[in-house]
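The next block holds one structure in the form of structure tokens; read it before the comments.
There are 4 protein chains.
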Amino acid sequence: MPSSELPTTGADLGLLSPVRAGSAAEAATGDAAYLRAMLDAEVALVRAQAALGLAPRSAAEAVATAAARQETFDARALALAAPAGGNPVIPLVGALRRAVGEVDGDENAAWYVHRGATSQDILDTAAMLVASRTLGPALEDLASAAAHLAALAREHRGTPLPARTLSQQAVPTTFGLKATGWHSLLLDAHARLSAVRDGLPAQLGGAAGTLAAFHTAAERAGVPTGDLAPRLLSAYAEETGLAEPLLPWHTLRTPVADLAGALAFAAGALGKAAQDVLVLSRTEIGEVAEEAGGGSSAMPHKANPVQAALVASCTRHVPNLAAVLYGSLAAEDERPPGAWHAEWQPLREALRLVGGAARATVGLVQGLRVRPERMAENLARTGGLVVSERLTAELAAVLAAPDAGEVLDRAVARASQEGSPLADVLAEEPRVAAVLPVERLRELLDPAGYLGAAPALVDRGLARRSPAPPTHP
Amino acid sequence: MPSSELPTTGADLGLLSPVRAGSAAEAATGDAAYLRAMLDAEVALVRAQAALGLAPRSAAEAVATAAARQETFDARALALAAPAGGNPVIPLVGALRRAVGEVDGDENAAWYVHRGATSQDILDTAAMLVASRTLGPALEDLASAAAHLAALAREHRGTPLPARTLSQQAVPTTFGLKATGWHSLLLDAHARLSAVRDGLPAQLGGAAGTLAAFHTAAERAGVPTGDLAPRLLSAYAEETGLAEPLLPWHTLRTPVADLAGALAFAAGALGKAAQDVLVLSRTEIGEVAEEAGGGSSAMPHKANPVQAALVASCTRHVPNLAAVLYGSLAAEDERPPGAWHAEWQPLREALRLVGGAARATVGLVQGLRVRPERMAENLARTGGLVVSERLTAELAAVLAAPDAGEVLDRAVARASQEGSPLADVLAEEPRVAAVLPVERLRELLDPAGYLGAAPALVDRGLARRSPAPPTHP
Amino acid sequence: MPSSELPTTGADLGLLSPVRAGSAAEAATGDAAYLRAMLDAEVALVRAQAALGLAPRSAAEAVATAAARQETFDARALALAAPAGGNPVIPLVGALRRAVGEVDGDENAAWYVHRGATSQDILDTAAMLVASRTLGPALEDLASAAAHLAALAREHRGTPLPARTLSQQAVPTTFGLKATGWHSLLLDAHARLSAVRDGLPAQLGGAAGTLAAFHTAAERAGVPTGDLAPRLLSAYAEETGLAEPLLPWHTLRTPVADLAGALAFAAGALGKAAQDVLVLSRTEIGEVAEEAGGGSSAMPHKANPVQAALVASCTRHVPNLAAVLYGSLAAEDERPPGAWHAEWQPLREALRLVGGAARATVGLVQGLRVRPERMAENLARTGGLVVSERLTAELAAVLAAPDAGEVLDRAVARASQEGSPLADVLAEEPRVAAVLPVERLRELLDPAGYLGAAPALVDRGLARRSPAPPTHP
Amino acid sequence: MPSSELPTTGADLGLLSPVRAGSAAEAATGDAAYLRAMLDAEVALVRAQAALGLAPRSAAEAVATAAARQETFDARALALAAPAGGNPVIPLVGALRRAVGEVDGDENAAWYVHRGATSQDILDTAAMLVASRTLGPALEDLASAAAHLAALAREHRGTPLPARTLSQQAVPTTFGLKATGWHSLLLDAHARLSAVRDGLPAQLGGAAGTLAAFHTAAERAGVPTGDLAPRLLSAYAEETGLAEPLLPWHTLRTPVADLAGALAFAAGALGKAAQDVLVLSRTEIGEVAEEAGGGSSAMPHKANPVQAALVASCTRHVPNLAAVLYGSLAAEDERPPGAWHAEWQPLREALRLVGGAARATVGLVQGLRVRPERMAENLARTGGLVVSERLTAELAAVLAAPDAGEVLDRAVARASQEGSPLADVLAEEPRVAAVLPVERLRELLDPAGYLGAAPALVDRGLARRSPAPPTHP
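Dropping the structure here:
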């Protein structure tokens, strides 16, 4: 097919990323959202300077007015202009200066646009604004999913189902304990993401982190420079709504790395629940089902665990995006050629994937159908083998220890071969029958009687409150 | 800022990815390109069935006509409909059926749309079409960059500059040999990408890889089913222009993994040249410069190696996308819930990053300014230390071996401390002066006289022809 | 616990890596194997020089004799000495020189040890030797596992079981086709690994890739230097048994990157079979079992799919090791400080994990118990839903198309709710009964009658010969 | 070379990992250390049961005595026995039971070994013990390196050098500010690692997380079971010295994921300083040097920044190990076949690489030679361009704004072409000369006069105390 016939726009509208298509996270991380955040950063910059007397208030307001006319700024045109200088801020500054000129009679206002800053100040601040705005709804979704899970866990505190280890039925547990585990991971993810979100700092350093151009401006404006840095960082942070940075962090990428870790954590935490749902909703297991299971283009009967699959896809992707971001910590000089640029798209992608997966998880847990009857059927399948651990202990206590193992091994083998209930097979062993009547054997073999601390652990797990977020220094 | 004010579209228009903004690779991998490729796959499917007598030719043409009306299909609407079923093909099939109904009086034609196939057949085939179309211009760019590098290498076959190891000047080499190395890696990348591109297969298996629904169709149409599979796979591959698969590969992800490896390779190969340019264009080294160095938003004098920085950012990202794709080889069952979905976005991203980096490399090497005078200056900086290896060998041959080392170590230390030329310091050593006159010492210390096989290796490297692509079975 | 009580050796003896503990791959990649390979490289270096007249034959033999006394060289002592210079070759050269001195009356022989080379020549050559030696048994294991799978596939060419997509039963397939898929991936892995292995090159470039020191030596020895590079590269490659490199590849890391890709591919290919076995051997599915299932420390009845779990663990690890290796392609200068060093451990680890996983897969497939009766049971579980695709097509052909969908949807829903066989429910629909008698409905609903091309695809897949390895240029 | 001649041990003794060879981290993470930690966990298990009345105190002491005889346990033999069951605990339990039998007359003591636990309880607890023991010295090294950096930063608070962005000199900064940035990252790493270390929990859940076997034991021992879980978790945690877990975390892998994030962070943080040292110690820049620079096997004059190179290699590796660990959060069921196993080696490797890199960084910063004279030389190289930002602002203030840019651009271009000082070129511009005398121009062009807030930011950065560790919930 001749390439001349191919589409000329390369826009990504979500077609290949159903986990986030249409989500709040997608909207909050689109190019339009970044553009808006960059304009917000430029406005905050002039306002902060005005607050310190380094720029006229009228200039700040002219810039704010121009920046508010979002339709003036064309994300695609800026994208096409970005490769020349390597980032989109350079053309944006030009566009904003022109817009200010059009807005305002004061022909000098445009001169204050971006004055003293470097592209990275704007793009980093914008990234933090975008992260903060994306994490808002994502945290709400995590909290909402956790609340649903707490309710599920309470409801099924004692509902027995087979615990499975290395793919095999192991011993009984309760669905409530399983849901408590998912709940616990979601709270962990919430705690990590909120802690990071609360500390997201504004970025301001000027050309290379010394704020030198602001000193020049202050000298000319007669503003004392002794404590200019703290006052400027504080005013700028205040205008952006972000935290005040200790130092310009052009190459001290703690905020990005902390986001990387918290997002990879959240992707994995959401993935645990999804992975379990994928197992439990297998046709042959059938212990849970997604209410709104997705259809198939070929098979009308199928009700696929679609939400879980989409979350699982996110879990596979985000840790490697985080690896790129962690790698960028080793940012040489005062602005690295490559490591910084390599952060932009992976950070955006990780934010929107996690936000989308949080949304999908709300849908997943809200609509989860739990089927205690299938759980009971599955527990019954092994004819008692699922509580062989208990038998071993009981037999060992009443028989000589080494013998106990042998007796049980033999009975397990026979029960397995013959498909007979283990209680009956054991009851035929004279030495067992001598000490444990068949009724007691049946009792010992009842999965619902061997739940250990599962219900108590549900209570313990749910007693944990959504904690006050930890704070990194 | 209230989220209600935030933009509601999440489109990625390239704002955060200057390495590919505006490139052929970006256009070839956008949602519009995927949509077109999915429609191409649906058309090929009906045509292949028509060719085998499983569908009327008129139906195939009605589908083709409907699919050609690309404005009928709204990528964003399909994206928003995709989460329900987990992939965009399900809503696309609906839209295509409706479009066929509108196109054609033959109300039955719509019935043949997607008949016998599963969503994955369409999406996988589309991904291969997109990969093939993206790699076309990328391979051209690689070849073009390699040709420029060959010319550079020939021109600078004997231009001396310091080889650097572990960040320190080591011994002299030539710029031609450096360019030959870059050339060699670009040919390696070209070979790997072409080999993979030549084998990209169409995907067809039906619901779960058995082509069963086509058998039903054949039985009803009175078409023999004995060799239906090979005939169908062949006809479908022919219609798509892709290679014929040996087996349906829904969960045999060799084509995707091979793309992953070749793309990660290409990203790294391009990154080597970029990384070298970043070093050599450092202000203090200055041996090369990008002709169209990017400006700075803060510092008017700067001419940044922007193309190299953008390529370097791609190199940091793609290997981790490849890791996700390799991980998806372990695709359980006949369609995995998660591993398959996790491929879509990383594959697209890797394709467009590598395509963009290839384009940027063409710009980089075409406009590369080489500065032999700076190379000479840098070689002279160590006062002869850069050929100390040679001296060691010569002195060892004329003095007793252990002594030679000591004598040179002492002279090197003195030359370094005093900032004196090493030849002069050595000439003051009586035992050296006895065997090597100062003229010979100066000759031995001339970097241009110690190039070893560098020029010969340039010839050897360039003699390699762009090889016929290897073929994987 | 006071750290003074802690062990002082940090040896990794395989305790945390059961997938490779005791395997040929582990032995072939241990420090002893690397030490041996480094000594082999040093011997080859002197022999190659002797062959070209650059060194006396007696010196070469003295070095060979000294190097053969492997007990002389203490890997741990060398490891402890390595950090000072950053690599283990520097202390090894010292030790080898001392050993040559002890071996030989010829006090000059030691002088030829490592002469002209750089540490990287030795370590890279050693890595290629280790890779080659490790891949030998790994390829044999892959071939052996593939042969077993081919036999399994033939045996179960027509054995029906449920194909599963997105965790749900989809339509029937055959176990033979599943095994054919595994076989196909193993052949793909074999082809990629053999191709790479056949091209593994020796490394020789001297201090910085110009072979300059060898030119000095040649000049002193009166050996013509015009074609020294090709003759030396050829002689050295011959002595090592590796391929002759086109260029010194100190920073042209194609061989390492190609290994990365082929190893990540193999890890994923092996992981597909393992992942399927993990699903199919679930207690509730039980269609296959590992013969020598692993025991549990707590539950006597368990027979865990241990081999599959170990292979799966390898699959999760290797793609990320490959990402590190691909990242190292961007190796600046003539020897990068970091990128090169970062290759050593990941390459070794990837080699031994893949080698171990190949071994485990042989055990897995040799001992795999296949249970057609459980497959049949599982197919029967959905009461016919597993062939609903077929029904849809048949009903659509006999009823008006839109109606067919409705009728089936209704029947499927009823069958599902009531747990009745779909044939019976459908037979109660008057319009269906009018055209399809219940016997025909039962026939249509027989899973074994809806295998499509599965058996034919087994034949097609197995007809593929283990292909001649492709060759990269 | 025939494989029969190859070494049969595959031990990793550190030969390929100089960054950690001989370090405390290596010793603390070796197989011997894991073996010891597993034995510690087994002892803690019996002691905790004895504390609750579930086992005789004499049994606990017999187990402790047997476990203390570390020479009894052969890590290699256990490694070789591990593949059968998939983990090393199964054979270890056997060996420990035998050892208890030999130690003690009380033949029943062996029966209490591992009673109630599962392999994962022991291996996870051991991993946490190993992590805790490894992080101890690593944290000390981080603190020590940070202290050295604080001293360096104070000393060079005002020492000017060129800030570099995108590889080009940008504006002046101070070496003190650079060191303050490194210091800041090291404190960030310290904070994250200590926070994680303080919360590392013991693991106890029994076969599948319900502690059921302990309930059986309690019932037989007449111990009340109402609050058995909290009492047992508390007693076990106390005996291990680790934190008490909220829930058994067999598949709630928060502790491992948190380690992953903190270790990837630390690797990156250490990498930033290393990367900067690699740049600054380039021959052509020479602003810093490693005191004990590593030698070369080929070039006697070289003093390579070896410590920095080794740290940089660690930085390239750890983020991808972290990606594997984050991926394992999605651990299905109550013990996943693969995801759990895939954690062991990457966690160990990440711990020892970071511990080794922290050690190397201490050496690096302790011995760092700082060369203010080279910094001054480098600042002078651009003839004033390094402060062009300042000039732009000053000229814009005294000339009409648009003109200022033109005038400076022209002067910069001329200065660059002619190699003349920018002050002189500007002084020849009549309009400039009219307002700025050449003395003022020279003052404006003095790099040391354009440091902005750099010294103040040093004070601000160092005022930060090593913070109290944040606590995750």
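Keeping their order, the protein sequence lines are chains A, B, C and D.
All you need for our numbering is the position in the first sequence, starting with 1, plus 137.
All you need for our numbering is the position in the second sequence, starting with 1, plus 137.
All you need for our numbering is the position in the third sequence, starting with 1, plus 137.
All you need for our numbering is the position in the fourth sequence, starting with 1, plus 137.
Cβ coordinates follow ideal geometry from the N, Cα and C atoms, glycine included.
Asked, Found
"Alpha-carbon to alpha-carbon, residue 563(A) and residue 578(A)", "8 Å"
"Proximal residues to residue 138(B) (C-beta, below 7 Å), its chain only, five neighbours per side dropped", "For residue 138(B), the predicted structure reports a pLDDT of 38, less than 50, and the residue's modelled location is therefore unreliable. The matter cannot be settled from this model."
"Interface flag, residue 453(B) vs chain A, CB-CB below 8 Å", "yes"
"The segment 340-355 of chain B: positions lying closer than 8 Å to chain C by Cβ", "343, 344, 345, 346, 347, 348, 349, 350, 351, 352, 353, 354"
"Residues, ordered as in the chain, of the segment 299-320 of chain B that lie near chain D by beta-carbon distance below 9 Å", "299, 301, 302, 303, 304, 305, 306, 307, 308"
"Identity of the residue in 177(A), 160(A), 592(A), 311(A) nearest residue 377(A) by Cα", "177(A)"
"Partner residues on chain C for residue 365(B), Cβ-Cβ distance less than 7 Å", "590"
"The segment 367-381 of chain C contacting the segment 338-356 of chain C, beta-carbon criterion three pairs below 8 Å", "yes"
"CB contact flag (residue 263(D), residue 175(D), <8 Å)", "yes"
"Per-residue contacts from residue 163(A) into chain B (C-beta, under 7 Å)", "147"
"Straight-line gap, residue 495(D) to residue 170(D) (C-alpha atoms, nearest Å)", "20 Å"
"Residue 424(B) vs residue 298(B) beta-carbon contact at 8 Å", "yes"
"Any C-beta of chain C under 8 Å from that of residue 442(A)", "yes"
"Whole-number beta carbon distance between residue 316(D) and residue 309(D), since they are thought to touch under 8 Å", "With 8 Å as the limit, residue 309(D) and residue 316(D) do not qualify as a contact, their Cβ atoms being about 15 Å apart."
"Backbone secondary structure at residue 297(B) - three-state DSSP", "strand"
"Alpha carbon of residue 347(A) to alpha carbon of residue 507(D), nearest angstrom", "20 Å"
"Nearest residue (CA-CA) to residue 137(B), options 363(C), 572(C), 390(C)", "Residue 137(B) lies beyond the range of chain B shown here (138 to 610); nothing can be said about it."
"Uninterrupted alpha helix (DSSP H) stretches inside the segment 501-552 of chain A (no shorter than 4 residues)", "509-517, 525-535"
"Assigned secondary structure, residue 360(D) (DSSP; H/G/I helix, E/B strand, else coil)", "coil"
"Distance CB(residue 586(C))-CB(residue 580(C)) smaller than 8 Å", "yes"
"Residue 500(C) burial status per 10 Å Cβ neighbour count (16 or more: buried)", "buried"
"Contacts that residue 587(A) makes with chain D (C-beta to C-beta distance below 7 Å)", "349"
"Interface positions of the segment 204-215 of chain D facing chain C (Cβ-Cβ less than 7 Å), listed along the chain", "212, 213, 215"
"Chain C contacts from the segment 411-429 of chain A (Cβ-Cβ distance under 8 Å)", "415, 416, 418, 419, 420, 421, 422"
"Cα-Cα separation, residue 330(B) to residue 397(B)", "10 Å"
"Unbroken stretches of the alpha helix (DSSP H), 4 residues or longer, contained in the segment 187-256 of chain C", "194-205, 212-222, 226-240, 246-249"
"Strand pairing of residue 425(A), partner residues [DSSP]", "507(A)"
"Residue of 490(A), 485(A), 573(A) minimising C-alpha distance to residue 168(A)", "485(A)"
"Residue 154(C) at chain D interface by Cβ criterion, 8 Å", "yes"
"Proximity test, Cβ basis, 8 Å: residue 594(A) and chain C", "no"
"Neighbour flag for residue 139(B) against chain C, beta carbons, 8 Å", "Note that residue 139(B) scores 40 on pLDDT, short of 50, meaning its location in the model is unreliable; the coordinates nonetheless yield the value given after this. Judged by the 8 Å Cβ criterion, residue 139(B) is not in contact with chain C."
"C-alpha gap between residue 481(D) and residue 158(A), whole angstroms", "36 Å"
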